[in-house]
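Take 16 as the starting number for the sequence shown in the numbering used here and just add one per residue.
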Amino acid sequence: MRKTGMLVLLVMVLAAAAWWWNGKSKPAEPQYRTVTVDRGDIAAEVSANGTLNPVTLVNVGTQVSGTVRRIDADFNQQVKAGQVLAELDPALFKAALAQSTANLANAQAQLDLAEANAVRMQTLFKQEYVSQQELDQALAARAQAAAQVRLARAQVTRDQTNLGFSIIRSPVDGTVINRQVDVGQTVAASFQTPTLFQIGKDLTQMQIDSTVSEADIGQIKVGQPVKFRVDAFPDTEYTGAVRQVRLNATTAQNVVTYNVVVNVANPDLALMPGMTANLRVLVETRPDVLRVPTTALRFRPQAGSVVEGAGKQRGSAVYRLVDGKPVRVAVKTGISDKAYTQIVSGTLKAGDTVIVADLAAKKENGGMSRGRLF
């Protein structure tokens, strides 16, 4: 009796194992997600990042060295051309001007004396009281005195100019973007002109200096419309237009990029210099074209499940579902907006269905269903 029970139990275990093994090893029938081919508009875009800057940014410096005595302009202040921004201590410049003015007066007195002596020598020479050599010496002395006057006058002009340079004025109408100097600071202009202020001219017109990779730069043309957003106002989309594609390339870590300048209107002054812009350049638009989701072009069926269709085996292709089997359809593609791709030629037509994903009934480990994309 006991042997009979164990035999029955063994048969049941073997039957359950066989049922489980057959169920596990039996491949699940492929299931596919499909979409319908349609017609619509496609706008091809190039994405890039850039920085907002004033169209004209003027660096205001000083041509003379000295100590800052007064500052008359601050950050964000509106200034006019010729307005005083700062002043250096003028004491040394005034002293230099006083000295050169005195030198000019002395040189002028020497010239007057030399002129009188030359006139006297000319009279005496006519009366044969002096020699030709003495006359020549008098005339040469007068010429030298005249040259000294011109030199002294130039020195006065130089010192007057330097005194004027001690007052820093704005060269343009605009807004003070940056101030890099404080009262009491010493500025030295011996080797290069130090920058004291940065003035943005007319911030109602801005520009984006963006970088575009060499793979995309061939699509960028002057005048193309641009849409962009900034992190400060993520819900607002701004517009602009390509103004310039600069030929000078920049190479960093073997990556070549080009600077594309975009004009931007900023009437409410919401956009600020230095903001990062995430922009999209509209490079081409094609209305009412035959299109498929780009995922359909990336889809590849499992090995052994495909029925080869007509067309070349190389190049772009999509897969139609015929009698439960994927059938390859060769196509020629056009522009893409990443979501959709244009179909230029092939046997596809609007209303056809194409496969975008392979939905496995279950994973081998019994997990959730998933789509298979190439």
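Even glycine gets a Cβ: it sits at the ideal position worked out from N, Cα and C.
Being a predicted model, the structure only gives us computed values, none of them experimental.
{"query": "Proximity test, Cβ basis, 8 Å: T71 and chain D", "result": "Of the protein chains in the structure, only one exists, and it is not chain D."}
{"query": "Whole-angstrom distance between A203 and Q163, CA atom to CA atom", "result": "31 Å"}
{"query": "Pick from K364, D338, Y355, V371 that is closest to F314, judged by C-alpha positions", "result": "V371"}
{"query": "Residue environment, S40, which counts as buried when at least 16 other CB atoms sit within 10 Å", "result": "Legend: pLDDT at S40 = 49, less than 50; position of this residue unreliable, no value from coordinates given."}
{"query": "For G65, the nearest candidate out of V277, T266, E252, T49 (CA to CA)", "result": "V277"}
{"query": "For T190: DSSP bridge partner residues", "result": "Q93, G215"}
{"query": "Span of the beta strand (DSSP E) around R295", "result": "291-308"}
{"query": "Reference V344, options S351, Y355, P316, closest by Cα", "result": "P316"}
{"query": "Any non-hydrogen atom of the ligand NAD within 7 Å of I350 CB", "result": "Within the structure as shown, the ligand NAD is missing, as the structure has no ligands at all."}
{"query": "Length of the line joining the Cα atoms of K364 and L305", "result": "7 Å"}
{"query": "Simplified DSSP state of G366, which is helix, strand or coil", "result": "coil"}
{"query": "Stretch-stretch touch, CB-based, cutoff 8 Å, three pairs: the stretch 107-127 with the stretch 177-189", "result": "yes"}
{"query": "Nonlocal neighbours in the same chain, by C-beta distance under 7 Å from E252, ignoring five residues either side", "result": "K242, R244"}
{"query": "Inter-residue Cα distance where the pair is K347 and T71", "result": "47 Å"}
{"query": "Residue environment, T300, which counts as buried when at least 16 other CB atoms sit within 10 Å", "result": "exposed"}
{"query": "From Q259, D367, A280, residue whose alpha carbon lies closest to that of N274", "result": "Q259"}
{"query": "C-beta atoms of V298 and E60 nearer than 8 Å", "result": "yes"}
{"query": "Member of Q220, L126, Y355, D151 whose CA lies at the smallest distance from the CA of A256", "result": "Q220"}
{"query": "Between the CA atoms of R295 and T49 - distance to the nearest angstrom", "result": "30 Å"}
{"query": "Ranges of the beta strand (DSSP E) found wholly within the stretch 251-294, counting only runs of at least 3", "result": "270-280"}
{"query": "Cβ neighbours of V369 in the same chain (closer than 7 Å, five flanking residues each side left out)", "result": "T49, V50, V52, V307, A311, V333, Y334, R335"}
{"query": "Extent of the continuous alpha helix (DSSP H) run through G81", "result": "Unbroken run through G81 is the beta strand (DSSP E), 81-86; no alpha helix (DSSP H)."}
{"query": "Extent of the continuous alpha helix (DSSP H) to which G179 belongs", "result": "147-180"}
{"query": "Proximal residues to Q125 (C-beta, below 7 Å), its chain only, five neighbours per side dropped", "result": "A160, Q163"}
{"query": "Beta-carbon gap between V171 and L119 smaller than 8 Å", "result": "yes"}
{"query": "Burial state of D303, where buried means 16 or more other Cβ atoms lie within 10 Å", "result": "exposed"}
{"query": "Rounded distance between the beta-carbons of V227 and T272, thought under 8 Å", "result": "6 Å"}
{"query": "Rounded distance between the beta-carbons of R157 and A129, thought under 8 Å", "result": "4 Å"}
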